[in-house]
Every structure is written in C-alpha cells, then in structure tokens.
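*Asks:* I have a structure I would like to understand better, so I am pasting it below and will then ask my questions one at a time.
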Amino acid sequence: MKFVMMIAVLLSGLSAFAQTDALSQCRAQNDRLQFQLRDLTARLRTCEQGTGGGYGEVEYLRQENYRLTEQNRQLQFRIDELEGRGYQQFYCVAGCYDVNSRIDTRYMEAASAPTQLEAEMLAKQLTHKTYSCNFGVKTYKCEAMRGEAQMNYCTVACSDVNGRADERFSAGARGRNTVEAEMLAIKELKKTYACNFGIKVTACN
C-alpha cells in the first residue's frame, strides 16, 4: 500500500513538473512573440507613413502582424489554462459575399478572442484585408472553445458546376471545435485545388 502511495506521489510530482515546464516554455515563447510584434508594428507604421517600403512590403508586414497577433492570443490562452485561469474563447470565421449576396467559402478567414463580438470583428477585418471583398463581408460561423484538444474533424470538397460536392477533390482537418475544423479543412483543400465553383463542407464529427 505504501509503495502504491509513493508511486502516486511520484506521478503527481512528475505531472506538476511537466505542467510547470510547459508553462515556462509558453511564457518564453510569448515574450519572443511580444518582441516580434513590437518590432513589426514599428516597421509597419514606418511603411504606412511612406518613409520606406512599397505597397507589397506594407501588405506583407500587415499579414505578418495579423499572424503574430493570432499566435500571441493562442499562447496567452494556453498560459491561462496552465495557470488554472482557463477561460472560454470564441472562434469565428467570416467570408466575402459573392455577386448573389451569398458567402463564398473560398474566401474566408478566421480569428479567436475572449468575446464573440471581438472574434467576429477580427475575422471580418482579416477577411477584408486578405481578399478585398468587393461585395461585402459577413460572419460565416462562430463557436466557443474551451481547450486546446483537437477533438473535432471535418471534411470538405470542391463544388461541381451544379453546386454538388465532388469528393474526388476533397480534404479534411482536425480542430478545437467544429468551426475551426471546417476552416482548417478548407485551407488544406485550397492548397491542392482551385475549386472554381466553390467549396462545400461534406461531414463533421
């Protein structure tokens, strides 16, 4: 019995050590990201004021800024989780309207934030920055996230000329909720296929 108790105490200690080590790694990475963000923001401001860099560089820096900001958000979420201060995050996807006022799933971006309203706004801003969205931009879907485990899986496929899913051209991905799994699957599909007639979600679980 004493031996079993000793093993339990040892395992508990190892678990606490692993959690502390993960927390310190997250904090260090978060510090590096904060430094990169400050440097990138300064460079972006300089370019936007017309004192250096062309339009291409400004766009590159802007996209890098969005990317690093999102990474920073996810790291802060993980740090709060490890410190026992886990809180709910929202993951939202926005997309460009097509000429018929429907969301074109080929042109979507996503963002996460502590509130749904902020996540929606960030997703819309990123979508418009990335694709211009000549006919407007709208929220596609939002869903809460309560952890980092990727427990959801979705598959998507290119649409054919009749708007049906052509599963010869398909892809799948895991996500922390269904909306993220859909979005990551769409991104995977777009890496391989152009999907000229659009993209359809075929299944999620």
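Numbering (mature numbering (1 follows the signal peptide of the UniProt record, and there is no 0)), first residue to last: -18 to -1, 1 to 187.
In this text, a Cβ means the ideal position worked out from N, Cα and C, and glycines have one as well.
(1) Can you round the beta-carbon distance between Y79 and K123 to whole angstroms, since I take them to be within the 8 Å contact cut?
(2) Where do the ends of the alpha helix (DSSP H) carrying T160 lie?
(3) Can you list, in chain order, the residues of its chain with a C-beta nearer than 6 Å to that of N54? Leave out the 5 residues immediately preceding and following it.
(4) Determine, using beta carbons only, whether Y42 comes closer than 8 Å to chain D.
(5) Could I get the ranges of all uninterrupted beta strand (DSSP E) runs contained in the region 79 to 119, with 3 residues as the minimum, in chain order?
(6) So what's V75 in DSSP terms, helix, strand or just coil?
(7) Check whether the Cβ atoms of S141 and K182 sit closer than 8 Å, and answer yes or no.
(8) Rounded to whole angstroms, how far is the Cβ of T184 from the Cβ of E149, which I believe are closer than 8 Å?
(9) Quick one: what does DSSP say R146 is sitting in, helix, strand or coil?
(10) Tell whether a beta-carbon distance below 8 Å holds between V138 and E162.
(11) Hey, could you find the ends of the beta strand (DSSP E) C140 is sitting in?
(12) Closest to L108 by CA distance: which of A4, A147, D13 and R44 is it?
(13) When you compare the CB positions of L166 and G180, do they come within less than 8 Å of one another, or not?
(14) Do you know offhand how far A153's Cα is from G145's?
(15) If you draw a straight line from the alpha carbon of I168 to that of S6, how long is it in whole angstroms?
(16) Could you work out which residue in K111, Y73 and Y42 is closest to E130 when comparing CA atoms only?
(17) Who are S152's beta bridge partners in DSSP?
(18) Give the DSSP bridge partners of C177, in chain order.
*Replies:* Looking at the atomic coordinates:
(1) In the sequence shown, counting from the first residue as 1, residue 79 sits at position 97. In the sequence shown, counting from the first residue as 1, residue 123 sits at position 141. With a Cβ gap of about 15 Å, Y79 and K123 do not count as contacting.
(2) Translated into positions along the sequence shown, residue 160 becomes position 178. First-last of the alpha helix (DSSP H) with T160: T160 to T174.
(3) To locate residue 54, count along the sequence shown from 1; it is residue 72. Contacts found: L15.
(4) In the structure shown, chain D cannot be found, because there is only a single protein chain.
(5) 85 to 95
(6) Residue mapping note: residue 75 aligns to position 93 of the sequence shown, counting from 1. In this structure, V75 counts as strand in the three-state DSSP scheme.
(7) Residue 141 sits at position 159 when you count from the first residue of the sequence shown. Residue 182 sits at position 200 when you count from the first residue of the sequence shown. Yes; because the gap between Cβ atoms is below 8 Å, this pair is in contact.
(8) Position 202 of the sequence shown, counting from 1, holds the residue named residue 184. Position 167 of the sequence shown, counting from 1, holds the residue named residue 149. With 8 Å as the limit, T184 and E149 qualify as a contact, their Cβ atoms being about 7 Å apart.
(9) On the sequence shown, position 164 is the one that residue 146 refers to. Coil.
(10) As a first step, residue 138 must be located in the sequence shown, where it is residue number 156. As a first step, residue 162 must be located in the sequence shown, where it is residue number 180. Their beta carbons are not under 8 Å apart, which means V138 does not touch E162 by this criterion.
(11) Along the sequence shown, one-based indexing puts residue 140 at 158. Unbroken beta strand (DSSP E) run through C140: N134 to S141.
(12) Residue 108 sits at position 126 when you count from the first residue of the sequence shown. Answer by Cα proximity: R44.
(13) For this step, residue 166 is matched to residue 184 along the sequence shown. For this step, residue 180 is matched to residue 198 along the sequence shown. Against a cut-off of 8 Å, the Cβ pair of G180 and L166 comes out as no contact.
(14) For this step, residue 153 is matched to residue 171 along the sequence shown. For this step, residue 145 is matched to residue 163 along the sequence shown. Near 17 Å, if we compare the C-alpha coordinates of G145 and A153.
(15) Counting from one through the sequence shown, the residue named residue 168 turns up at place 186. Counting from one through the sequence shown, the residue named residue 6 turns up at place 24. The alpha-carbon atoms of I168 and S6 are separated by roughly 34 Å.
(16) In the sequence shown, counting from the first residue as 1, residue 130 sits at position 148. Out of K111, Y73 and Y42, Y73 has the C-alpha closest to the C-alpha of E130.
(17) If you number the sequence shown from 1, residue 152 lands on position 170. For S152, which the question treats as bridged, DSSP gives the partners A139.
(18) Along the sequence shown, read from residue 1 onward, the residue named residue 177 stands at position 195. Beta-bridge pairing links C177 to no other residue.
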